[in-house]
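A.B. asks: Structure below; questions to follow.
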Amino acid sequence: MTGSQGVLARGRGNPLHSIEADVSARMLHVVFPHLEKGSSDYKRKVDVMKTLRIRGRRYQALTRYFGEGILALLPWSGQLGQADIGLSENELSRLPDNLFSKLLDILKETQGRTLKSFSQEAWSIVSQMISCPVDQCPRFPLENVRSSEILEHPKNSPGLLRMLIGPDSLPLSGLPCAATQY
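FYI, the numbering for the sequence shown is -8 to 173, going by my numbering.
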């Protein structure tokens, strides 16, 4: 028996959890082929692999609903001197699937259109930064804004969006070395 057949044949525990554990173990073997199974380092790295997979699924769900740029808009711990702004990566990973799903539903219902707009503009900037040679990349409007000015605007405000795209509201796709839209 190989693959998921072997896992399902065990007959103990939740088959989905067993398959998840098997996938994490296989990924770990590819990345660290000489790691001794059962060692404390192995167990720690399996846990890290599981956490990374959960995080990846969560980020994928966010991008599916709001677009790739949403990842650039996620607050990180200590951003702008505020430790309590949003969820940390670890908190996001530890949130049970049903609560994460409810969180997504609430965000879609209450802020969906706005988050998509912000995400689209953020992705325009990020995609240009990725595809543009450093010496040809334009200075983005947001680079000229002090963090204190950003904090003066309420979340999801039109003023905040203007800071992202610039006062003239020119589409970022018109800037030099504009990246192709995906």
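Glycine included, C-beta positions come from ideal geometry on N, C-alpha and C.
Please read these numbers as outputs of a predicted model, since none were measured by experiment.
Taking only three categories from DSSP, how would you classify residue 109?
C.D. replies: One-based indexing of the sequence shown puts residue 109 at position 118. In this structure, residue 109 counts as helix in the three-state DSSP scheme.
A.B. asks: Which residues in the same chain have their Cβ closer than 7 Å to the Cβ of residue 32, if we skip the five residues on either side of it in sequence?
C.D. replies: Against the sequence shown, residue 32 aligns to sequence position 41. These residues qualify, in order along the chain: 26.
A.B. asks: Which first and last residues belong to the alpha helix (DSSP H) in which residue 28 is found?
C.D. replies: As a first step, residue 28 must be located in the sequence shown, where it is residue number 37. Counting along the chain, residue 28 falls outside any alpha helix (DSSP H), and DSSP gives it neither H nor E.
A.B. asks: Closest to residue 66 by CA distance: which of 82, 52, 55, 51 is it?
C.D. replies: One-based indexing of the sequence shown puts residue 66 at position 75. The residue with the shortest Cα to Cα distance from residue 66 is 82.
A.B. asks: Determine the DSSP secondary structure at residue 89, reduced to helix, strand or coil.
C.D. replies: Residue mapping note: residue 89 aligns to position 98 of the sequence shown, counting from 1. Helix at residue 89.
A.B. asks: Out of 118, 127, 157, 11, which one is the CA nearest neighbour of residue 134?
C.D. replies: As a first step, residue 134 must be located in the sequence shown, where it is residue number 143. Among 118, 127, 157, 11, the Cα nearest to that of residue 134 belongs to 157.
A.B. asks: Applying the criterion that 16 or more other CB atoms from any shown protein chain within 10 Å of the CB defines a buried residue, is residue 119 buried or exposed?
C.D. replies: Counted from its first residue, the sequence shown places residue 119 at position 128. It is buried - the Cβ of residue 119 has at least 16 other Cβ atoms within 10 Å.
A.B. asks: Between which two residues does the alpha helix (DSSP H) containing residue 150 stretch?
C.D. replies: Walking along the sequence shown from the start, residue 150 turns up at place 159. Taken as a continuous stretch (DSSP letters only), the alpha helix (DSSP H) holding residue 150 covers 149 to 156.
A.B. asks: Just to confirm before moving on: does the CB-CB distance between residue 103 and residue 56 stay below 9 Å?
C.D. replies: Looking up residue 103 in the sequence shown gives position 112. Looking up residue 56 in the sequence shown gives position 65. Yes, the pair counts as a contact, with Cβ atoms nearer than the cut-off.
A.B. asks: Rounding to the nearest angstrom, what Cα-Cα distance links residue 107 and residue 61 in this structure?
C.D. replies: Locating residue 107 in the sequence shown gives position 116, where the first residue counts as 1. Locating residue 61 in the sequence shown gives position 70, where the first residue counts as 1. So the alpha carbons of these two residues sit roughly 8 Å apart.
A.B. asks: Going straight from the alpha carbon of residue 42 to that of residue 85, what length do you get?
C.D. replies: As a first step, residue 42 must be located in the sequence shown, where it is residue number 51. As a first step, residue 85 must be located in the sequence shown, where it is residue number 94. Answer to the nearest angstrom: the Cα atoms are 8 Å apart.
A.B. asks: Among the residues of its own chain, which have a CB less than 7 Å from the CB of residue 99, if the five just before and after it don't count?
C.D. replies: Mapped onto the sequence shown, residue 99 falls at position 108. These residues qualify, in order along the chain: 56.
A.B. asks: Could you give the distance in angstroms between the alpha-carbon of residue 151 and the alpha-carbon of residue 101?
C.D. replies: Stepping through the sequence shown from its first residue, residue 151 is reached at position 160. Stepping through the sequence shown from its first residue, residue 101 is reached at position 110. When rounded, the distance between both Cα atoms is 18 Å.
A.B. asks: Under a three-way DSSP split, which group does residue 11 fall into?
C.D. replies: Locating residue 11 in the sequence shown gives position 20, where the first residue counts as 1. Of the three classes helix, strand and coil, the one that applies to residue 11 here is helix, per DSSP.
A.B. asks: Looking at C-alpha atoms only, which residue of 36, 6, 79, 124 is the closest neighbour of residue 20?
C.D. replies: Taking the first residue of the sequence shown as 1, we reach residue 20 at position 29. Considering only alpha carbons, the answer is 36.
A.B. asks: With DSSP collapsed to three states, give me the class of residue 6.
C.D. replies: By 1-based counting over the sequence shown, the position of residue 6 is 15. Residue state, collapsed to three classes: helix.
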